[in-house]
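Peer 1: According to the working numbering, the sequence shown is numbered sequentially starting from 910.
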Amino acid sequence: MKDLVISKENEGQRVDKFVRKYLNDAPLSFVYKTFRKKDVKVNGHWVNIDYILKKDDVLRIYVTDSQLLEFNNPKPIENVKFNHEIIYEDENILIVNKPRGLLVHGDSNEKRLTLSNQVLNYLYSKGDYNPNDNYGFVPAPAHRIDRNTSGLVIFGKTIKALQILLGLFKDKDNLEKTYLALVVGHVDKAGDINAPLIKDENSGLVKVDFHSKNSKQAISHYEVERYFANYSLVNVTILTGRTHQIRVHMNYIGHPVVGDGKYGDFKVNKIFKSEYNFENQFLHARRIHFLEIPGVLSYLSNKTFVAKLTREEEKIINNLK
């Protein structure tokens, strides 16, 4: 058996999630079998899977030494360099300006070279993260942006901070996300787009659909920042967080995002590829504003964080002037 004393950093999470992280190489069937057999106890009493762990709880998992060796294997730190702009960092969170072309999480084609792995390597190198000391908790992003979208990504460095951030990004009530987009044509004035979206699971494409019961509400607000000869630079604040929301919404009102290979103007895209070697959507997660934040992150209330455009994007804007 294994006894673990719950630290302040690890309190507040469900016991089954904690056990799954601690026995990170165990099949889910094995983890939940331990609960069915009442082989997980807290302070000497067996608990349900939804028990919320508290500081100084003594968690006992009845596993053999061989099972512990087999299933408790901290993930190795990938040796991938972190050289991105840090917008803000403290003991709870890290805000990074992600470049275009980098995945936040791994996918089937790329599992090593990701922003998440780079951040873990950075935190490990400065002593803020040790996979052997965290009982399975791994600092993680509270949200994601597309591979070819640049801008702000926020990581939770502690379980409490990450839980609060995940709630904020899910509910959207106390958090505002604003993107900067270069779009085709002159956008007449500020406006709102309230158009439900649905994703085709086969093609991966998203479209506006007012009739399907499976459509999800999607609301965007946009304001013009600057005009160019044939383009507009707009700030888009999303009130919901749907896949490809800004790209589909701007195309829906006749102003597709420049460089967008899925929903854009392909003639314009060819021009930007030829003149600037720019092949992806010109979309930048520019600003995050916190409203009233609870708990350990209350000090972030009413604070705003802004990320500058990449050099590549700035160069394009300067040339368009």
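Note that the Cβ used here is the ideal one computed from N, Cα and C, for glycine as well.
What are the start and end residues of the beta strand (DSSP E) that includes Glu1184?
Peer 2: That residue, Glu1184, is in no beta strand (DSSP E); its alpha helix (DSSP H) goes Phe1175 to Tyr1185.
Peer 1: Which first and last residues belong to the beta strand (DSSP E) in which Ile996 is found?
Peer 2: Glu994 to Glu998 is the span of the beta strand (DSSP E), which, as asked, contains Ile996.
Peer 1: State the CB to CB distance for the pair Ser1121 and His1158, rounded to an integer number of angstroms; the pair is presumed to be in contact (CB under 8 Å).
Peer 2: So it is not a contact: roughly 17 Å between Cβ atoms.
Peer 1: Just to confirm before moving on: does the CB-CB distance between His1193 and Leu1229 stay below 8 Å?
Peer 2: Against a cut-off of 8 Å, the Cβ pair of Leu1229 and His1193 comes out as no contact.
Peer 1: Got a sec? Which residues, its chain only, sit under 6 Å from Val1145 by beta carbon, not counting five neighbours each side?
Peer 2: Cβ within range, chain order: Tyr1088, Ala1090, Ser1129, Tyr1131 and Ile1155.
Peer 1: Give me the Cβ distance between Gly1065 and Ile1002, rounded to the nearest whole Å; I'm assuming they're in contact under 8 Å.
Peer 2: 6 Å between Cβ atoms; contact.
Peer 1: Which same chain residues end up closer than 6 Å to Asp948 when comparing Cβ atoms and leaving out the 5 residues on each side of it in sequence?
Peer 2: Tyr971, listed in sequence order.
Peer 1: Taking all protein chains shown into account, do 16 or more other C-beta atoms lie within 10 angstroms of the C-beta of Lys946, making it buried, or fewer, making it exposed?
Peer 2: Exposed, because fewer than 16 other Cβ atoms sit within 10 Å of the Cβ of Lys946.
Peer 1: Just list the alpha helix (DSSP H) runs in the segment 951–985, keeping only unbroken ones of 4 residues or longer that don't cross its boundaries, in chain order.
Peer 2: 974–980, all fully within the segment 951–985.
Peer 1: DSSP three-state label for Ser1207, please.
Peer 2: Note: Ser1207 maps to helix in three-state DSSP.
Peer 1: If the criterion is Cβ atoms closer than 8 Å, does the pair Val956 and Val1093 meet it?
Peer 2: No; because the gap between Cβ atoms is not below 8 Å, this pair is not in contact.
Peer 1: Nearest by alpha-carbon distance to Val940: which of Ile995, Asn1189, His954 and Val924 is it?
Peer 2: Val940 has its Cα closest to that of Val924, out of Ile995, Asn1189, His954 and Val924.
Peer 1: Give the DSSP-derived three-state secondary structure of Ala1194 in the structure shown.
Peer 2: Ala1194 falls in the strand class under three-state DSSP.
Peer 1: Classify Val924 as helix, strand or coil using the three-state DSSP reduction.
Peer 2: Helix.
Peer 1: Where does Ser1025 land, buried or exposed, given buried means 16+ other C-beta within 10 angstroms?
Peer 2: Result: buried.
Peer 1: Hey, how far is the Cα of Gly1015 from the Cα of Arg1056?
Peer 2: If you take the alpha carbons of Gly1015 and Arg1056, they lie about 10 Å apart.
Peer 1: Mapping the DSSP letters down to three states, classify Leu1074 as helix, strand or coil.
Peer 2: Correct three-state label for Leu1074: helix.
Peer 1: Can you check whether the CB of Ile996 is closer than 8 Å to the CB of Lys964?
Peer 2: Contact flag unset, no.
Peer 1: Leaving aside the five residues before and after Thr921 along the sequence, list all residues of the same chain whose C-beta is less than 6 Å from its C-beta, in chain order.
Peer 2: Looking at the sequence shown, residue 921 is not Thr but Gly. Excluding sequence neighbours, Gly921 sits near Lys1069.
Peer 1: Compare the C-alpha of Leu1082 against each of Lys1108, Gly1060, Ile1202 and Asn982 and name the closest.
Peer 2: The sequence given here places Asp at residue 1082; Leu does not occur at that position. For the residues Lys1108, Gly1060, Ile1202 and Asn982, the minimum Cα distance to Asp1082 belongs to Ile1202.
Peer 1: If you reduce the DSSP assignment to three classes, tell me which class Thr1213 lands in.
Peer 2: Strand at Thr1213.
Peer 1: I believe Val951 touches Asp966 by the beta-carbon criterion, under 8 Å. Please report the beta-carbon distance rounded to the nearest angstrom.
Peer 2: Indeed, because the Cβ distance is near 5 Å, the residues count as touching under 8 Å.
Peer 1: Please report how far the alpha carbon of Asp999 lies from the alpha carbon of Asp959, in whole angstroms.
Peer 2: C-alpha separation (whole angstroms): 30 Å.
Peer 1: Relative to the alpha-carbon of Arg1021, which residue among Asn1039, Glu987, Pro1048 and His1052 has its alpha-carbon at the smallest distance?
Peer 2: With distances taken between Cα atoms, Arg1021 lies closest to Glu987.
Peer 1: Considering Cα atoms alone, identify which of Gln1027, Asn1211 and Pro1165 is closest to Phe1191.
Peer 2: Nearest option by C-alpha distance: Pro1165.
Peer 1: CA-CA distance, Leu1200 and Phe1214?
Peer 2: Their backbone Cα atoms lie some 12 Å apart in a straight line.
Peer 1: Expressed to the nearest angstrom, what Euclidean distance is found between the alpha-carbon atoms of Ile1226 and Lys942?
Peer 2: Distance between the alpha carbons of Ile1226 and Lys942 is about 58 Å.
Peer 1: Shortest alpha-carbon distance to His1095 belongs to which of Tyr1033, Ser1141 and Arg929?
Peer 2: The shortest Cα separation from His1095 among Tyr1033, Ser1141 and Arg929 belongs to Ser1141.
Peer 1: As a quick exercise: from Gly1173, Leu962, Gly1036 and Asn1103, pick the residue whose alpha carbon is nearest that of Asn1189.
Peer 2: Closest by alpha carbon: Gly1173.
Peer 1: Taking only three categories from DSSP, how would you classify His1130?
Peer 2: Strand at His1130.
Peer 1: With a 10 Å radius around its C-beta and 16 neighbouring C-beta atoms as the bar for buried, classify His1153 as buried or exposed.
Peer 2: His1153 comes out buried.
Peer 1: When the distance is taken between beta carbons, is Leu962 closer than 8 Å to Phe927?
Peer 2: Yes.
Peer 1: At 3 residues or longer, and completely inside the segment 1092–1156: list those beta strand (DSSP E) runs for me, N to C.
Peer 2: Segments of the beta strand (DSSP E) lying fully in the segment 1092–1156: 1100–1103, 1106–1108, 1115–1117, 1128–1136 and 1140–1147.
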